[in-house]
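Okay, structure first, notes after.
Residue numbers (this note's numbering): 3 to 92.
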């Protein structure tokens with residue numbers, strides 16, 4: 003290749019680099035929009051009823067534990083969503 007051809011080739015190559023696509027724009031959905039509304043409320047704490055018998059107290063404890071487990075499960079789900087987001091964004 004002669005010097006003139008080499009220069010022309012280098013010039014054309016630099017022009018073609020200018021036509022390359024720029025960095026892709028990534029649109030991220032805000033974290034708050036990716037957390038389902040169903041995860042933002044917990045089951046209501048049961049009202050204590052009559053405690054005349056041990057079975058009444060036991061039933062209340064079971065209902066109370068179920069409400070707590072509902073809330074713990076939802077908090078864990080939100081925690082996983084946040085961890086995924088942190089993993090993607092650093």
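Ideal placement from N, C-alpha and C gives every residue a C-beta, glycine not left out.
Segment contact: the segment 33-52 against the segment 60-73, three or more CB-CB distances shorter than 8 angstroms; contact assigned. The segment 24-69 is shown to contain whole alpha helix (DSSP H) runs of 4 or more residues at 33-36, in chain order. Residue 36 is a Cβ neighbour of residue 83, given a cutoff of 8 angstroms.
The criterion of a C-beta distance shorter than 8 angstroms is not satisfied by residue 76 and residue 33. Residues of the same chain with their beta carbon placed closer than 6 angstroms to that of residue 30 are lacking, with the five preceding and five following residues left out of the count. Distance from the CA atom of residue 58 to the CA atom of residue 64, rounded to whole angstroms, is 10 angstroms.
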